[in-house]
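Trainee:
Protein chains: 2
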Amino acid sequence: MKILVLGGDGFCGWPASLHLSRLGHDVVIIDNMSRRRIDQEIHAESLTPIRSLGERLAAWQRVTGKTIRSITLDVAEDYPELLATVMTERPDVIIHYAEQRSAPYSMRSPKHKRYTIDNNVNATHNVLCAIVESGLDVHLVHLGTMGVYGYGTAGMTIPEGYLSISVNDPDKGEISTDILYPTNPGSIYHMTKCLDQTMFAYYAKNDRVRITDLHQGIIWGTNTIETKLDDDLINRFDYDGDYGTVLNRFLVQAAVGYPLTVHGTGGQTRAFIHLQDMVRCIEIAIDNPPQPGDKVKIFNQMTETHRVRDLAGLVARITGASVANVPNPRKEDAENDLVVANDSFIELGLKPITLSEGLLVEVEETAAKYRDRVDLNQIPARSLWTREQAPGIPEGYR
Amino acid sequence: MKILVLGGDGFCGWPASLHLSRLGHDVVIIDNMSRRRIDQEIHAESLTPIRSLGERLAAWQRVTGKTIRSITLDVAEDYPELLATVMTERPDVIIHYAEQRSAPYSMRSPKHKRYTIDNNVNATHNVLCAIVESGLDVHLVHLGTMGVYGYGTAGMTIPEGYLSISVNDPDKGEISTDILYPTNPGSIYHMTKCLDQTMFAYYAKNDRVRITDLHQGIIWGTNTIETKLDDDLINRFDYDGDYGTVLNRFLVQAAVGYPLTVHGTGGQTRAFIHLQDMVRCIEIAIDNPPQPGDKVKIFNQMTETHRVRDLAGLVARITGASVANVPNPRKEDAENDLVVANDSFIELGLKPITLSEGLLVEVEETAAKYRDRVDLNQIPARSLWTREQAPGIPEGYR
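Here the protein sequences come in this chain order: A and B.
The first sequence runs contiguously to residue 1780 in our numbering.
The second sequence runs contiguously to residue 1780 in our numbering.
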């Protein structure tokens, strides 16, 4: 299949592009290089020494003999060029990773809030609009987030996208129906994925666009079978306060002998999935598209849940690091449960890699290996969710 | 109170500004003049001879001795200027009409879809962001639409914004909770108001912004007590295929002796409210704000429902016009019921003007009075909801 990967130079987009290329698909990466620009802006750098996109693509060709082309294009800003690309390339599938993906970055300042809204909403809408204008029957696969659910409404189990409800209507009595799960975003970034969801539902209904929305948990793991084929193919590993996931920050802190900084009580429960499973999920999603006129197909792309303090305990046991509790910069409940249905991918053949079996590899092959590249100034979370919020990190750790 | 009216030169914003000024509030109009620019773009003009905003404001001063100031500013584009205005003016209330408000216009072309999304989402988010950045406790009153509900999910009565649901949870058994009513927008324009709703819920939760969202029906009526005080204060009356509401188109068709063009069977049920009641609702909403930390206060701002074919019949009876059925350019059910709760405004003192008592005034004082200004070319709806849609108006009526 011909596949456009929007945001194909990023943390998820790059390994997904390689995986699909290895499977024999004709992959074209579309990227505006914004993630690399943001590295400059926030004075952060991937722990792993990633190469330029040009070097990456040359290495892929050298190692596998396969060609991935790339087009530098801003999906949110350059609609005419996006449309022309869709018309020329005539993709079967468009995978949409072209959004600003950090919650803390989206909360840094009014400017960052506004950028995240403007970029993400217009990127998603431009893709939808271009698919319809092209007249092509393209399957759009979008990377969403578990964060659209919040922590679940009233403690209920989180289904895959749709919720069966009953309403006691004053005239008609008990009415049962299915609705899109009510969203409850915890940041501006998460909110953009809720806005995306509304746009997808509309375009699936009005224009019969075939759309799959993947509500993804937090990715862990740095590399996949394909990115390990050559040093020049290495994937990025973020550990800064904006883009670094909680697990990555723990890994880096352990590698350099610092305490693992847990926000609040660490009672927040999060959903996780390994990067290798993510690329497999993309493959499964592409092989199981919805039909024109179907409602949006939603998968929960996660394989296990953990409390943050349990994660810290796991890393501490493996590495011998200590744990320090610091104030939480986010506005959220101190403790939450999270029960998530993920039957769809499991039934379609996903065999999850578990944290307990895969974590040691991360400790040894990534965090320890590149410990000399660590810049401790990057680690603290600096974005505050509200004016009233206490700064996240005590003076000693700044 | 100090009140900023964003979009204060428009069809709703102008009479609302006058009404609030007459009540003694200090009103400042913010407008980017986009509605007048769009008139130029689509070669349409208000049936009523509206004056420039400068002439309008001078007339208001002359007639009442009251001053309304105005600032030309694009809320979606000029964030720094918007913020500076909020910081300088320190409003108690901001009324937000600054969105592209036509469903057919939003469906004209990919360019119009993209403009409506970009303008409306960024306008709303900029206002929210500026309120938070200013640190002021501003009550934001937003003009939403009944269209966020679609025609109601599964035929149920439409409550005021929130729906009480029960869920049968696999672990916890029956769970009851209130959710934002599941949206089901019928056009790109309506979708932007659904996106607004998600942003409002987030900012009310995260930043304790006080927000009232008015889910308004179709406005009928052209003038209010205040706009009738002087010819230079006259409000706009749109009858073109994009901005003209169904009732306005009927009135103009009747005035010039053309058949009333009913889309499809005319079985679509719509919600209505008179312009005079709209300004009264704004007054009531301002006087009954939510408290910081409250969820968004949602009112259904409508007073009666009618099927389109019944409206046509009503106008036909008064005017003697005939009725012609033409294909529907919209993608919607041919027939729908609409049962809407509107207790909140009624309980707070709204005394609705009914169509049956007010329609004759519109026929005589607006449509008949300005019939010489009618341009019949403006009337047909030209926007098609999908590629497959039949053109809305048969050749003879184009």
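Backbone N, C-alpha and C define an ideal beta-carbon position, used for all residues, glycine too.
Since this is a predicted model, take the numbers as computed values, not measurements.
Would you kindly work out how many angstroms separate the C-alpha atoms of A/ARG1789 and A/ASN1630, rounded to a whole number?
Mentor: Because residue 1789 of chain A is not part of the residues shown, which for chain A are 1383 to 1780, the question remains open.
Trainee: Does B/THR1539 come within less than 8 Å of chain A when only Cβ atoms are used?
Mentor: Counted from its first residue, the second sequence places residue 1539 of chain B at position 157. It does: the Cβ of B/THR1539 has a partner Cβ on chain A nearer than 8 Å.
Trainee: Hey, out of A/ILE1666, A/PRO1564 and A/ASP1519, whose CA is closest to A/GLY1537's CA?
Mentor: Counting from 1 along the first sequence, the entry for residue 1537 of chain A is found at position 155. Among A/ILE1666, A/PRO1564 and A/ASP1519, the Cα nearest to that of A/GLY1537 belongs to A/PRO1564.
Trainee: Using a C-beta to C-beta distance shorter than 8 Å, which residues of chain B count as neighbours of A/LYS1495?
Mentor: Locating residue 1495 of chain A in the first sequence gives position 113, where the first residue counts as 1. For A/LYS1495, the residues of chain B that pass the 8 Å Cβ criterion are HIS1507 and CYS1511, in the order they occur in the chain.
Trainee: By Cβ distance, which residues of its chain are closer than 7 Å to B/GLU1777, with the 5 residues on each side in sequence left out?
Mentor: Position 395 of the second sequence, counted from the first residue, corresponds to residue 1777 of chain B. Caution is warranted here: a pLDDT of 40 is assigned to B/GLU1777, below 50, making its placement in the model unreliable, and no coordinate value can be reported.
Trainee: Indicate the three-state DSSP secondary structure (helix, strand or coil) for B/ARG1472 in the structure shown.
Mentor: Working through the second sequence from its first residue, we reach residue 1472 of chain B at position 90. It is coil, neither helix nor strand.
Trainee: Within this structure, are the beta carbons of A/THR1334 and A/GLU1770 separated by less than 8 Å?
Mentor: Outside the shown range of chain A (1383 to 1780) lies residue 1334 of chain A, about which nothing can therefore be said.
Trainee: Run through the region 1594-1656 of chain A for me and flag every whole beta strand (DSSP E) of 3 or more residues, listed as ranges in chain order.
Mentor: 1600-1602, 1642-1645 and 1651-1656
Trainee: Between which two residues does the alpha helix (DSSP H) containing B/ILE1424 stretch?
Mentor: Along the second sequence, read from residue 1 onward, the residue named residue 1424 of chain B stands at position 42. Per DSSP, B/ILE1424 belongs to no alpha helix (DSSP H) and is neither H nor E.
Trainee: The beta strand (DSSP E) with B/ASN1707 in it runs from where to where?
Mentor: As a first step, residue 1707 of chain B is located in the second sequence; it is residue number 325 there, counting from the start. Start and end: 1705-1708.
Trainee: Can we say the region 1639-1657 of chain A touches the region 1442-1459 of chain A, given the rule of at least three CB pairs closer than 8 Å?
Mentor: Output reads no: the region 1442-1459 of chain A does not touch the region 1639-1657 of chain A.
Trainee: So, do the region 1715-1734 of chain B and the region 1634-1644 of chain B have three or more beta carbon pairs nearer to each other than 8 Å?
Mentor: They do not touch, by the three-pair rule.
Trainee: Going by CA-CA distance only, name the one from B/ALA1398, B/VAL1628, B/ILE1499 and B/GLY1702 that's closest to B/GLY1639.
Mentor: Stepping through the second sequence from its first residue, residue 1639 of chain B is reached at position 257. Checking every option, the nearest Cα to that of B/GLY1639 belongs to B/GLY1702.
Trainee: How big is the Cα-Cα spacing for A/GLY1774 and A/GLY1623?
Mentor: For the purposes of this step, residue 1774 of chain A is identified with residue 392 of the first sequence, where counting begins at 1. For the purposes of this step, residue 1623 of chain A is identified with residue 241 of the first sequence, where counting begins at 1. Residue placement at A/GLY1774 is poorly supported in this model, since its pLDDT is 46, which falls under 50; the coordinates still yield a value, given next. In a straight line, the C-alpha of A/GLY1774 is about 10 Å away from that of A/GLY1623.
Trainee: Quick one: list the residues of chain B neighbouring A/ASP1589, beta-carbon separation under 7 Å, in chain order.
Mentor: Against the first sequence, residue 1589 of chain A aligns to sequence position 207. The answer, in chain order, is THR1768.
Trainee: A/ASP1659 and A/LEU1742 - do their beta-carbons sit closer together than 8 Å?
Mentor: Here residue 1742 of chain A corresponds to residue number 360 of the first sequence, with the count starting at 1. Here residue 1659 of chain A corresponds to residue number 277 of the first sequence, with the count starting at 1. One thing to note: A/LEU1742 has its Cβ no nearer than 8 Å to the Cβ of A/ASP1659.
Trainee: Taking its Cβ as the centre, do 16 or more other Cβ atoms sit within 10 Å of A/LYS1751, making it buried, or is it exposed?
Mentor: In the first sequence, counting from the first residue as 1, residue 1751 of chain A sits at position 369. Looking at its Cβ environment, which holds fewer than 16 other Cβ atoms inside 10 Å, A/LYS1751 is exposed.
Trainee: At a CB-CB cut-off below 7 Å, which residues of chain B make contact with A/VAL1503?
Mentor: Here residue 1503 of chain A corresponds to residue number 121 of the first sequence, with the count starting at 1. Going along chain B in sequence order, the residues near A/VAL1503 (Cβ under 7 Å) are ILE1499 and VAL1503.
Trainee: Applying a beta-carbon distance threshold of less than 9 Å, which residues of chain C neighbour A/SER1452?
Mentor: Among the chains of the structure shown, chain C does not appear; the protein chains present are A and B.
Trainee: For the region 1572-1584 of chain A, enumerate the residues whose C-beta is nearer than 7 Å to any C-beta of chain B, in chain order.
Mentor: Those residues of the region 1572-1584 of chain A that come within reach of chain B (Cβ to Cβ, closer than 7 Å) are MET1573, CYS1576, LEU1577, THR1580, MET1581 and TYR1584.
Trainee: Helix, strand or coil: which one does DSSP assign to B/GLU1686?
Mentor: Along the second sequence, one-based indexing puts residue 1686 of chain B at 304. The answer is strand: DSSP assigns B/GLU1686 an E or B state.
Trainee: Can you find a C-beta in chain A that's less than 8 Å from the C-beta of B/ILE1547?
Mentor: Position 165 of the second sequence, counted from the start, is the residue given in the question as residue 1547 of chain B. With 8 Å as the cut-off, B/ILE1547 counts as an interface residue toward chain A.
Trainee: Under 7 Å between beta-carbons, which chain A residues line up against B/PRO1492? List them in chain order, please.
Mentor: Residue mapping note: residue 1492 of chain B aligns to position 110 of the second sequence, counting from 1. Under the 7 Å cutoff, chain A gives CYS1511 and GLU1515.
Trainee: With 8 Å set as the bound, which would you pick, yes or no: does the beta-carbon of B/LYS1677 sit closer than that to a beta-carbon of chain A?
Mentor: Residue mapping note: residue 1677 of chain B aligns to position 295 of the second sequence, counting from 1. For B/LYS1677, the answer is no, since every Cβ of chain A falls outside 8 Å of its Cβ.
Trainee: Look up B/ARG1451 in the DSSP assignment and say whether it is helix, strand or coil.
Mentor: Here residue 1451 of chain B is taken as the residue at index 69 of the second sequence, counted from 1. B/ARG1451 sits in a strand when the DSSP states are folded into three classes.
Trainee: Opposite B/HIS1521 in the DSSP bridges: which residues?
Mentor: In the second sequence, counting from the first residue as 1, residue 1521 of chain B sits at position 139. BP columns for B/HIS1521 point to B/VAL1475 and B/ARG1592.
Trainee: Would you kindly work out how many angstroms separate the C-alpha atoms of A/TYR1571 and A/THR1470, rounded to a whole number?
Mentor: For the purposes of this step, residue 1571 of chain A is taken as the residue at position 189 of the first sequence. For the purposes of this step, residue 1470 of chain A is taken as the residue at position 88 of the first sequence. Near 32 Å, if we compare the C-alpha coordinates of A/THR1470 and A/TYR1571.
Trainee: What span of residues does the alpha helix (DSSP H) with A/THR1559 cover, start to end?
Mentor: Translated into the one-based positions of the first sequence, residue 1559 of chain A becomes position 177. It is not in any alpha helix (DSSP H) - A/THR1559 instead sits in the beta strand (DSSP E) that spans 1555-1562.
Trainee: Do the CB positions of A/ILE1601 and A/ILE1655 come within less than 8 Å of each other?
Mentor: The count along the first sequence starts at 1 and reaches residue 1601 of chain A at position 219. The count along the first sequence starts at 1 and reaches residue 1655 of chain A at position 273. Yes, Cβ-Cβ distance for A/ILE1601 and A/ILE1655 is below 8 Å.
Trainee: Please check if any C-beta of chain B sits within less than 8 Å of the C-beta of A/PRO1486.
Mentor: Residue mapping note: residue 1486 of chain A aligns to position 104 of the first sequence, counting from 1. By the rule that beta-carbons nearer than 8 Å mark a contact, A/PRO1486 does not touch chain B.
Trainee: Using a Cβ-Cβ distance under 8 Å, would A/LEU1388 count as near chain B?
Mentor: Residue numbering aside, residue 1388 of chain A sits at position 6 when the first sequence is read from its first letter. It does not: the Cβ of A/LEU1388 has no partner Cβ on chain B nearer than 8 Å.
Trainee: Within the continuous alpha helix (DSSP H) that includes A/ILE1412, where are the two ends?
Mentor: Your numbering for residue 1412 of chain A matches position 30 in the first sequence. It is not in any alpha helix (DSSP H) - A/ILE1412 instead sits in the beta strand (DSSP E) that spans 1408-1413.
Trainee: With 8 Å set as the bound, which would you pick, yes or no: does the beta-carbon of B/LEU1562 sit closer than that to a beta-carbon of chain A?
Mentor: Your numbering for residue 1562 of chain B matches position 180 in the second sequence. By this cut-off, B/LEU1562 is an interface position.
Trainee: Grouping DSSP H, G and I as helix and E and B as strand, with all else coil, what is B/ASN1550?
Mentor: Here residue 1550 of chain B corresponds to residue number 168 of the second sequence, with the count starting at 1. Assignment of B/ASN1550 by DSSP, reduced to helix, strand and coil, places it in the strand class.
Trainee: When every heavy atom of the ligand MG is checked, does at least one fall within less than 7 Å of the C-beta of A/ALA1694?
Mentor: Absence of the ligand MG is noted for the structure shown, with no ligands found whatsoever.
Trainee: With DSSP as the reference, please indicate the residues paired to A/GLY1526 in a beta bridge.
Mentor: By one-based count along the first sequence, residue 1526 of chain A stands at place 144. In the DSSP output, where bridge partners are listed per residue, A/GLY1526 has A/HIS1597.
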